[in-house]
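What follows is one structure encoded as structure tokens, with my remarks underneath.
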Amino acid sequence: MNTNLILFITIAIVLLSIITFSYFLGRKNKGIENWYVGGRALPLYVQVGTQFATVMGGGTIVGLVGTAYSSGWSTLTYGILTMIGFLPFLFMAKWLRNSEFETMPDIIRDIYGRNPVLSILTILCTLIVPFGWMITQLVGFGKIFATITGMNASLMVAIFAIISLAFVLPAGMTSVAWTDFIFGCAMAIGAVIAFFMALNMGDGFQTIMSNTPSEISDFPKGLVGVGMGTVLFWIFGVMPGNLTNQQLYQRIYSANNAKNAKKAIGITAVLFAIATFWSSTIGLTVRSLNPSLGNAENATGWFLMQTPDWFLIMFSVFIVATIMSTLSSAVQSVVVTITKDIYTNHINPDVKEKKLLSISRIVSVVVLTIAASLAIFYPQALGWIVASFAYSVSALLVPIIGGFILKDKNVLDNRAGIVSIVMGISGSAIAHGLGTSMYVVYGLIGSFLGLVIMAGINKATK
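This is the structure:
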């Protein structure tokens, strides 16, 4: 039987099984709180599974493998920096879980008070990361499966976008989180087998290292093989990026208690660093076997094409699980922000729960259509993540972390939040427009100065 046919049948069976499970979750867990924050009842193992599945995805198995192919152990540097970026969550988890928040704008409202201008700015900045992640997952899927099957990448993106709706529509966060947990288990199994398969293909770790350029494979030199400029950009743009990623905040809100929310964050941080070691190994293996690959982000697809059919099919299911989980999480996060923070808070505060659920499902279709269109016309996997992190960090990092530190000092108001966000976005945009690669630094400086100045003015006038 044709390999592509077997592949599609296998994926169809797996996805149909999970979709059925998701449907029954939706029947059992009705209501808007289940859609928004999983009923605030997710156990620890589901939290870890959904967080890990969320931070994995196309950026890790396509973008970071591609980075490892071209720049070696720099991918591991990316993972370590991301892990460090999780640390502030450990101090904030209890407050976040026990404050009855549902979105990131809720945090800003709690600290700075209600203001329509501040609300609009926060909503727009909140949407940056999950929307960027949606596009990344679609790009990743299209590139890999176009390489494996020989089919058109744009067609693959469109098909995958349609399928992903089946995981979001039944019960929002509840269905996404539990299917993420299942996908996370599949990821772990697939990744372990792929790791040893890669080592075997490359004739062992030492052979792989000897066949790749020393500037990207030697320690510690290879950790900055991507260049110090990019590493510095990661430090300021990517390392704190998850602190402005609403998907992770929602999973903290969804925990069954604050203690488990804190544990899940720590475990997820370590697992992601391990995952980038995996990406590094796969990328370097492909570089060792095929140093003349035209596009580095095709490394994962090329690797799969060299494996036996049984492994190609098995690993393809792993890829679908990985990307699907992150995509469905991003869709759900965008939809919650639009329906709760825009529609409910500013357009129709008296909307009935049943109607709100219907609107949420309609919005899911609309935002996914937009994301699929952008993925088709601008197919860069890691680029979308880095850019979305950079601008969201510029706008929201200082107001969130600074607000958490100063929230009980009585020096913050809505003006402080507005000025901090505006100066953050403006600083990044101006520096980016002038061609500065470290534009996120200027955004952070602007945001910090805005918050400090306004806090000082408020303190002086009290």
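Using the numbering used here, the first residue of the sequence shown is number 80, and each one after it goes up by one. Backbone N, C-alpha and C fix where the C-beta goes; we use that ideal spot for every residue, glycine too.
Given a threshold of 16 other Cβ atoms within 10 Å of its Cβ, counted over all protein chains shown, does residue i qualify as buried or as exposed?
i: Ile92; result: exposed
i: Leu84; result: exposed
i: Glu376; result: buried
i: Ser293; result: exposed
i: Lys541; result: exposed
i: Lys431; result: exposed
i: Lys538; result: exposed
i: Gly229; result: exposed
i: Pro209; result: buried
i: Asp388; result: exposed
i: Phe298; result: exposed
Suppose the cutoff is 8 Å on Cβ atoms and the five residues either side in sequence are ignored; what does the same chain contact list for residue i look like?
i: Ile314; result: Leu160
i: Thr418; result: Leu435, Ile438, Ser439, Val442
i: Tyr157; result: Leu143, Thr146, Trp313, Val317, Thr355
i: Ile392; result: Thr82, Ile85, Leu86, Thr89
Using a Cβ-Cβ cut-off of 7 Å (strictly less than) and excluding sequence neighbours within five positions of residue i, which residues of its own chain qualify?
i: Leu485; result: Leu491, Ala534
i: Val410; result: Met213, Ser243, Val247, Ser443, Val446, Leu447
i: Ile163; result: Met318
i: Phe284; result: Leu278
Spatial neighbours of residue i within its chain, please: CB distance less than 6 Å, with the 5 preceding and 5 following residues excluded, ordered by chain position.
i: Val446; result: Val413
i: Tyr518; result: Ser507, Ala510, His511
i: Gly269; result: Phe394, Phe397
i: Ser236; result: Position check: residue 236 holds Val in this sequence, whereas Ser was assumed. Within the same chain, Val236 has close Cβ partners Leu217, Gly221, Ala451, Ala454, Ile455.
i: Ser359; result: Ala147, Trp152, Thr154, Leu155
Does residue i come out as helix, strand or coil in the three-state DSSP assignment?
i: Leu350; result: helix
i: Leu372; result: coil
i: Leu121; result: strand
i: Thr515; result: coil
i: Asn489; result: coil
i: Met135; result: coil
i: Lys547; result: As shown, the chain starts at 80 and ends at 541. That puts residue 547 outside it, with no answer to give.
i: Asn81; result: coil
i: Tyr457; result: coil
How many Å lie between residue i and residue j at the Cα?
i: Tyr470; j: Gly522; result: 8 Å
i: Gly301; j: Glu179; result: 44 Å
i: Gln329; j: Ile223; result: 29 Å
i: Leu206; j: Phe382; result: 34 Å
i: Phe588; j: Trp357; result: Given that the chain is displayed from residue 80 to residue 541, the structure contains no residue 588 and the question cannot be resolved.
i: Gly345; j: Met318; result: 15 Å
i: Pro195; j: Lys433; result: 26 Å
i: Ala400; j: Gly221; result: 14 Å
i: Asp420; j: Leu197; result: 12 Å
i: Asn231; j: Phe239; result: 13 Å
i: Leu372; j: Ala352; result: 26 Å
i: Leu406; j: Thr133; result: 8 Å
i: Ala495; j: Ser473; result: 15 Å
i: Ser467; j: Leu203; result: 12 Å
i: Phe483; j: Thr215; result: 30 Å
i: Asn290; j: Gly281; result: 9 Å
i: Gln46; j: Phe165; result: Residue coverage of the chain in this structure runs from 80 to 541, which leaves residue 46 outside it and unanswerable.
Is residue i near the ligand ATP, going by C-beta to nearest heavy atom under 7 Å?
i: Gly316; result: Here there are no bound small molecules, and the ligand ATP is not part of this structure.
Check your understanding: Quick one: complete alpha helix (DSSP H) runs, 4+ long, within the region 230-300?
Key -> 232-247, 252-280, 284-289, 293-296
Practice item. Quick one: which unbroken alpha helix (DSSP H) runs of 4-plus residues sit fully inside the region 142-216? Chain order, please. Key: 144-150, 153-164, 166-177, 183-191
Review point. Which runs of the alpha helix (DSSP H) fall wholly inside the region 386-447 and span at least 4 residues, in chain order?
Key: 388-415
Review point. Hey, which unbroken runs of the alpha helix (DSSP H) at 4 residues or more fall wholly within the region 299-338?
Key: 307-312, 325-332
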